[in-house]
Amino acid sequence: MRDKRGIHTPAQCRAARALLGLTADDLARRARLTIDVVAAFEAGGDIELPARAALENALRECGVIGIAEAAAGEGVRFSRPATDPARRAPFAFDLA
């Protein structure tokens with residue numbers, strides 16, 4: 102059984118990036134992958150499990166988690182409420 106809070110689909114990955122205001126290149130750098138790997142996954146291609154884990158971990162570190170498919174469908178959300186001081190604006194993250 103897969104983790105209900107993971108990023109499992111290309112649409113979730115694109116939505117998570119949009120929520121954070123990240124480009125595909127930003128996500129690739131954070132996940133320490135090439136832009137080609139991110140683009141392949143977001144286009145629906147198969148990528149290696151370690152690369153998928155790296156994408157998911159990078160998005161989780163930015164504060165976004167996936168929502169498993171349920172009656173309302175799958176999606177993404179911030180992992181912390183907006184009132185939580187630990188949730189910082191995406192531009193506050195260091196891309197180095």
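Mapped onto the working numbering, the consecutive letters of the sequence shown carry residue numbers 102 to 197. Each residue gets a CB set at the ideal place from its N, CA and C atoms; glycine is no exception.
### Query
Under 8 Å, do residue 143 and residue 125 count as touching if we go by C-beta distance?
Translated into the one-based positions of the sequence shown, residue 143 becomes position 42. Translated into the one-based positions of the sequence shown, residue 125 becomes position 24. Going by C-beta atoms, residue 143 is nearer than 8 Å to residue 125.
### Validate contact between the region 166-179 and the region 111-119 using beta carbons, cut 8 Å, 3 pairs
Yes, they touch.
### Message
Taking the alpha carbon of residue 150 as the reference point, which residue from 134, 112, 122 has its own alpha carbon closest?
### Response
Taking the sequence shown and counting its residues from 1, one reaches residue 150 at position 49. Nearest to residue 150 by C-alpha distance, out of 134, 112, 122, is 134.
### Task
Tell me whether residue 197 is buried or exposed, calling it buried when 16 or more other Cβ atoms sit within 10 Å of its Cβ.
Taking the sequence shown and counting its residues from 1, one reaches residue 197 at position 96. Residue confidence is low: residue 197 scores 46 on pLDDT, short of 50, so the model does not pin down where it sits. Its coordinate-derived value is still stated next. With a threshold of 16 other beta carbon atoms within 10 Å, residue 197 falls short and is exposed.
### Task
Output the distance between the C-alpha atoms of residue 160 and residue 128, rounded to the nearest integer angstrom.
Here residue 160 refers to the residue found at position 59 when the sequence shown is read from its first residue. Here residue 128 refers to the residue found at position 27 when the sequence shown is read from its first residue. Rounded to whole angstroms, the separation of the alpha carbons of residue 128 and residue 160 is 8 Å.
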